[in-house]
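*Asks:*
There are 2 protein chains.
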Amino acid sequence: MEGAPQGTGYVVNLDEKLGRIDEHWKPRVVAQMNDYQFKLVKICGDFVWHSHADTDETFFVIDGEVRIDLRGGPVVIRAGELFVVPKGVEHKPYAEHEASIMLIEPCGVLNTGDARNERTAQNDMWL
Amino acid sequence: MEGAPQGTGYVVNLDEKLGRIDEHWKPRVVAQMNDYQFKLVKICGDFVWHSHADTDETFFVIDGEVRIDLRGGPVVIRAGELFVVPKGVEHKPYAEHEASIMLIEPCGVLNTGDARNERTAQNDMWL
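Chains A and B, in that order, give the protein sequences.
First residue of the first sequence? That's 1 in this note's numbering, and the numbers climb one at a time after it.
First residue of the second sequence? That's 1001 in this note's numbering, and the numbers climb one at a time after it.
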């Protein structure tokens, strides 16, 4: 939370917001709809296996290419594509080169889901 | 509903889906996350004033430029920008030239909200 507008009623330019992100794997909230949030995150390299027991999670790739490893095999998501990870399904995001993503999910969802570790980012950080 | 995959677990390419839309003002569902849906719609010209009493509604502009008239004045949303119309707020989308939008909102939301008329599109139409 950095004094950014929260809630609804303002236009969010994704590129402008992304230009202010200089860390990987730290989702930043840019808008909220009811009890769901839109979060921007830059990723690079490998993440940790995790799942979200209570909710689906949407990945929308803005720039770059993201691979999401699932226990049944990987899916590749490119810019302009979205993928909904089903509730309870283990997944591990990966990007060979830096990629920019918008996550859409309920408020309160942690980036590492059921896996709390050094990769767990602070939640509800507005940009 | 045209035999398209419903639910979760598949990659959705927005441009590919948009290429299959040849009508204006008819939202088509392309993915679902919990009880929320992602809908693509092409718009051109003027719509009707309406509101959604029970929910916020997210507009993400993919191509073109959209003006959303609000009783307090218009907002302009360009490609790569999103705007959340607050619950209960009257709004009227407008596009001078054809624009492509992704709507994100709970299942069951009608395009004309509280205003049922000839512009009301069939709900839950998957592409």
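We treat Cβ as the ideally placed atom computed from N, Cα and C, and that holds for glycine.
Do Val-1066/B and Ile-1043/B count as a contact pair if the criterion is CB distance below 8 Å?
*Replies:* Result yes, Cβ atoms of Ile-1043/B and Val-1066/B sit closer than 8 Å.
*Asks:* Anything in chain A within Cβ reach of Thr-1069/B, meaning under 7 Å, just list it in chain order.
*Replies:* Reading off the sequence, residue 1069/B comes out as Asp, not Thr. Within chain A, no residue comes near Asp-1069/B; the closest Cβ sits about 14 Å away, beyond 7 Å.
*Asks:* Which chain A residues sit within Cβ distance under 8 Å of Asp-1124/B?
*Replies:* Result: empty, since nearest Cβ-Cβ is about 16 Å, beyond 8 Å.
*Asks:* Identify whether Asp-1063/B lies in helix, strand or coil by the three-state DSSP scheme.
*Replies:* The answer is strand: DSSP assigns Asp-1063/B an E or B state.
*Asks:* Secondary structure at Leu-110/A, three-state DSSP: helix, strand or coil?
*Replies:* Here Leu-110/A sits in coil by DSSP.
*Asks:* Strictly under 8 Å for the Cβ-Cβ distance: is Ile-104/A near chain B by that measure?
*Replies:* So yes, Ile-104/A belongs to the interface.
*Asks:* Taking 8 Å as the CB-CB limit, is Gln-1135/B close to chain A?
*Replies:* This structure leaves residue 1135/B out entirely; chain B is present only between 1001 and 1127.
*Asks:* I'd like to know if Tyr-36/A contacts chain B, where contact means its C-beta is closer than 8 Å to some C-beta of that chain.
*Replies:* Yes, Tyr-36/A counts as interfacial toward chain B.
*Asks:* By the three-class DSSP mapping on this structure, what secondary structure does Glu-1014/B have?
*Replies:* Residue 1014/B is actually Leu in this sequence, not Glu. Here Leu-1014/B sits in helix by DSSP.
*Asks:* Between Pro-86/A and the rest of its own chain, which residues show a CB-CB distance below 7 Å, the 5 nearest in sequence each way excluded?
*Replies:* So the qualifying residues of the chain are Asp-56.
*Asks:* Within this structure, are the beta carbons of Thr-112/A and Val-84/A separated by less than 8 Å?
*Replies:* Cβ atoms of Thr-112/A and Val-84/A: not closer than 8 Å.
*Asks:* Quick one: grab the DSSP three-state call for Glu-90/A.
*Replies:* Note: Glu-90/A maps to coil in three-state DSSP.
*Asks:* Could you check where the beta strand (DSSP E) with Gln-1037/B kicks off and where it finishes?
*Replies:* Looking at the DSSP string, the run of the beta strand (DSSP E) that includes Gln-1037/B is 1036–1046.
*Asks:* When the Cα atoms are used, what is the spatial distance from Asp-1124/B to Arg-1028/B?
*Replies:* Those two C-alpha atoms are separated by around 7 Å.
*Asks:* What distance in whole Å lies between the Cβ atoms of Ala-99/A and Lys-26/A, which are believed to be in contact at a cut-off of 8 Å?
*Replies:* That belief does not hold up - the Cβ atoms of Lys-26/A and Ala-99/A are roughly 14 Å apart, past 8 Å.
*Asks:* Rounded to the nearest angstrom, how far is the Cβ of Ile-21/A from that of Leu-40/A, given a contact under 8 Å?
*Replies:* Ile-21/A to Leu-40/A, Cβ: 6 Å. Contact.
*Asks:* Can the beta-carbon of Pro-106/A be found less than 8 Å from the beta-carbon of Asp-35/A?
*Replies:* Cβ atoms of Pro-106/A and Asp-35/A: closer than 8 Å.
*Asks:* Within a Cβ cutoff of 8 Å, which residues of the same chain sit near Ala-53/A, ignoring the five residues on either side of it in sequence?
*Replies:* Excluding residues within five positions, the ones whose Cβ falls inside 8 Å are Lys-87, Gly-88, Gly-113, Asp-114.
*Asks:* With burial defined as no fewer than 16 other Cβ atoms inside 10 Å of the residue's Cβ, what is the status of His-97/A: buried or exposed?
*Replies:* With fewer than 16 Cβ atoms within 10 Å of its Cβ, His-97/A is classed as exposed.
*Asks:* Which term fits Cys-81/A, buried or exposed, when burial requires 16 or more other beta carbons within 10 angstroms of its beta carbon?
*Replies:* One detail in the question is off: residue 81/A reads as Glu in this sequence, not Cys. Classification for Glu-81/A: buried.
*Asks:* If the cut-off is 9 Å on Cβ atoms, which residues from the segment 70–90 of chain A count as contacting chain B, listed in chain order?
*Replies:* Answer in chain order: Leu-70, Val-75, Val-76, Ile-77, Arg-78, Gly-80, Glu-81, Leu-82, Phe-83, Val-84, Val-85, Pro-86, Lys-87, Val-89.
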